[in-house]
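Report on the structure given below.
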Amino acid sequence: MIETFIIDWPVLALIGLAFGGFATRDAWWRSRAFYAGFATAAVFTLVAMLSYLVAPDWMWMYFLDPDDVAWSLPLIPVGYLFVYVVGFAAAIPLRAGSRRMWLGALAATLAMEVVVLRITWDRYHEIGTTREWLNSAAHELFTATPTGPARTIGLMSPVIIIVAIAAFLYVRRQ
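The numbering used here applies: residue 1489 is where the sequence shown begins, and numbers increase by one.
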């Protein structure tokens, strides 16, 4: 199990499900909702990839040595965007079935993310090297004055939210 994937993948599935609920059933892959959601997922993926560069030990949740799995880095964006597409495609029949089914899938995916964050919280909220984390010297992610890699990652995260809101508003103007 690669823990960073179980943290990020529900978010990407959630992005897919959310935007997929606004797509037309026919040619959904060419819909405005698909492209707006894809832009959001792409920005999330870009921030994740930058995080792999800034804090690789943290992105692997201190379970793996980043040097041992460096070969997988080119595959990660493909996997991230694939999960978005699967989430989006899943939303089409869910939304066609009923709005309630679609909202239930959104709620279940969000709940899954909350559970995963709860399980990995001791590793998630502290950014640094494995040595820093083991010595309780890693940088706190959620603080008013972030330091080290937490500062860089903390500054990138609002970009995802801004893009998501803009993309959602773009889709709603249909």
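For every residue, glycine included, the Cβ atom is placed at its ideal position computed from N, Cα and C.
Best match in the options for proximity to residue i [C-alpha to C-alpha]
| i | options | result |
| --- | --- | --- |
| T1635 | L1598, W1548, W1621, G1616 | G1616 |
| R1507 | I1495, A1527, D1496, W1497 | Reading off the sequence, residue 1507 comes out as Phe, not Arg. If we check each option's Cα against that of F1507, A1527 comes out closest. |
| I1564 | L1582, G1585, S1586, L1541 | L1541 |
| P1637 | F1576, H1627, T1597 | H1627 |
| V1659 | Y1523, L1505, R1513 | Y1523 |
| A1543 | T1633, A1652, W1621 | W1621 |
| M1549 | I1607, A1655, A1632, T1631 | I1607 |
| A1584 | D1514, A1655, W1497, R1639 | D1514 |
| Y1612 | A1596, T1597, G1642, A1632 | G1642 |
| V1651 | A1511, L1534, P1498, F1510 | L1534 |
| L1569 | V1499, A1632, R1661 | V1499 |
Backbone CA spacing between residue i and residue j [nearest angstrom]
| i | j | result |
| --- | --- | --- |
| S1560 | M1537 | 12 Å |
| V1571 | L1594 | 14 Å |
| W1517 | I1495 | 26 Å |
| W1609 | A1579 | 29 Å |
| G1567 | S1624 | 32 Å |
| D1555 | D1545 | 9 Å |
| F1630 | M1547 | 16 Å |
Test item: CB-CB of residue i and residue j under 9 Å
| i | j | result |
| --- | --- | --- |
| M1644 | S1539 | yes |
| A1501 | G1575 | yes |
| G1504 | A1577 | yes |
| I1653 | V1531 | no |
| G1509 | R1587 | yes |
Terminal residues of the alpha helix (DSSP H) in which residue i lies
| i | result |
| --- | --- |
| M1600 | 1587-1612 |
| R1639 | 1636-1660 |
| V1542 | 1520-1542 |
| L1622 | 1618-1622 |
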